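Peer 1: Shown below is the structure under consideration.
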Amino acid sequence: DTPAAAPDWSVQGTWLDTCNCANPCPCWKSEKPTLKDCRDLFYFHVDKGQYGTVKLDGVDVVAVAMTPPGKSTDEATKDKDWVFANFYISKALAPDVADATKKVFLEHLSLVPEAAAKRHAWKVVDMKASMTDKAAKVSIPKVLELDVSKTDKPFGVDTSVAPFSGKSVSGEQKRYDFSDDGQKWKLKGHNASFAAFNWSAQKESAAAKAAAQQQKK
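Residues in the sequence shown are numbered consecutively from 18, following the numbering used here.
The structure is reproduced here in structure tokens:
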């Protein structure tokens, strides 16, 4: 049987990227992490979104991942040896919303390829998250405490190289404490950026066609 086509989908909102690297982040330039490995976090807040008939407005998704020592994120992805890559969503989401969120962020909008990690998991947790014009905060009991404020300063590299992202402003990392799957760290004062994202089935298809045309040249 021919597999059913994916329903129409789109998501737009604001996302945060923060890690343990210096600012500007070397990973965006395919350089090696500042401190041997990259302990990266992405927090996506969907202002408006849908997957078929399922509304995704207000959904929050957090991804935390770690590269092996001495490799850039591109190298870790190519070698498929990210140490781990976990995704977290709230238990408060309705089952259909949670399922649609997983499809969008794992299949279409993942900066950390799940298949490139030695360990990976999609975790449904008690989570409080907020993204405002001034700051991003996330609390997952016994796992994550995040507090990053937004500045009006431009970020050091052009994040619009990611097809779904616009240009970033820098952030002030006040707290990034993580403990899960045998990994534990407490960070503050490192690299952080905020940007708008806007991605859809139509834009993904257009980007795939453009990439295919480029390969033919």
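Even glycine gets a Cβ: it sits at the ideal position worked out from N, Cα and C. Please read these numbers as outputs of a predicted model, since none were measured by experiment.
1. Less than 8 angstroms separating the beta-carbons of Gly66 and Val76?
2. Using the beta-carbon count (16 or more within 10 Å), is Trp202 buried or exposed?
3. Kindly provide the ranges of any beta strand (DSSP E) runs that are 3 or more residues long and lie completely inside the segment 18-45, ordered along the chain.
4. Which class does Ser182 belong to by DSSP, given the choice of helix, strand or coil?
5. For a test of the three-state rule: what should DSSP assign to Phe172, helix, strand or coil?
6. Go to Val141, then tell me how far its beta strand (DSSP E) extends in each direction, as first and last residue.
7. If I measure Cβ to Cβ from Val141 and keep anything under 7 angstroms in the same chain, skipping five residues before and after, which residues do I get?
8. Any idea if Ser182 is buried or exposed, counting beta-carbon neighbours within 10 angstroms, 16 or more meaning buried?
9. List in chain order: all unbroken beta strand (DSSP E) runs of 3+ residues lying wholly within the segment 199-229.
10. For the segment 63-122, list the beta strand (DSSP E) runs that are entirely contained and at least 3 residues long, ordered along the chain.
11. Using a 10 Å radius around the Cβ and a threshold of 16 neighbouring Cβ atoms, would you call Gln190 buried or exposed?
12. Please state the DSSP three-state secondary structure of Glu162.
13. What does the alpha-carbon distance come out to for the pair Asp113 and Lys72?
14. Does DSSP classify Glu189 as helix, strand or coil?
15. In whole angstroms, give me the CA-to-CA distance for Asn103 and Lys151.
16. If you run the structure through DSSP and keep just helix, strand and coil, what is Lys233?
17. Identify whether Ser47 lies in helix, strand or coil by the three-state DSSP scheme.
18. Taking Ser147 as part of the beta strand (DSSP E), name the residues at either end of that continuous run.
Peer 2: Answer, in terms of the structure:
1. Counting from one through the sequence shown, the residue named residue 66 turns up at place 49. Counting from one through the sequence shown, the residue named residue 76 turns up at place 59. Taking the C-beta atoms as reference points, Val76 is found nearer than 8 angstroms to Gly66.
2. The sequence position of residue 202 within the sequence shown is 185, counting from 1. Exposed is the call here.
3. Within the segment 18-45, the runs of beta strand (DSSP E) that reach at least 3 residues and sit entirely inside it are, in chain order, 26-35.
4. To locate residue 182, count along the sequence shown from 1; it is residue 165. Strand.
5. In the sequence shown, the residue the question calls residue 172 occupies position 155. Annotated three-state conformation of Phe172 is coil, per DSSP.
6. Counting from 1 along the sequence shown, the entry for residue 141 is found at position 124. Here the beta strand (DSSP E) through Val141 covers His137 to Val142.
7. To locate residue 141, count along the sequence shown from 1; it is residue 124. If you ignore the 5 residues before and after Val141, its C-beta comes within less than 7 angstroms of the C-beta of Ile106, Lys108 and Ala115, all in its own chain and listed in chain order.
8. Numbered from 1 along the sequence shown, position 165 holds the residue referred to as residue 182. Burial call: buried.
9. Correct list: 200-204 and 209-217.
10. As far as the segment 63-122 is concerned, its whole beta strand (DSSP E) runs of at least 3 residues are 77-83 and 101-107.
11. For this step, residue 190 is matched to residue 173 along the sequence shown. Classification for Gln190: buried.
12. As a working note, residue 162 is residue 145 in the sequence shown. Of the three classes helix, strand and coil, the one that applies to Glu162 here is strand, per DSSP.
13. Residue numbering aside, residue 113 sits at position 96 when the sequence shown is read from its first letter. Residue numbering aside, residue 72 sits at position 55 when the sequence shown is read from its first letter. Cα-Cα distance, rounded: 9 angstroms.
14. Here residue 189 refers to the residue found at position 172 of the sequence shown. Secondary structure of Glu189 (DSSP, three-state): strand.
15. In the sequence shown, counting from the first residue as 1, residue 103 sits at position 86. In the sequence shown, counting from the first residue as 1, residue 151 sits at position 134. Counting only the Cα atoms, Lys151 lies some 26 angstroms from Asn103.
16. By 1-based counting over the sequence shown, the position of residue 233 is 216. Here Lys233 sits in helix by DSSP.
17. The count along the sequence shown starts at 1 and reaches residue 47 at position 30. Reduced to three states, the DSSP call for Ser47 is coil.
18. Start at 1 with the first residue of the sequence shown, and residue 147 comes out as number 130. For Ser147, the enclosing beta strand (DSSP E) stretches over residues Lys145 to Met148.
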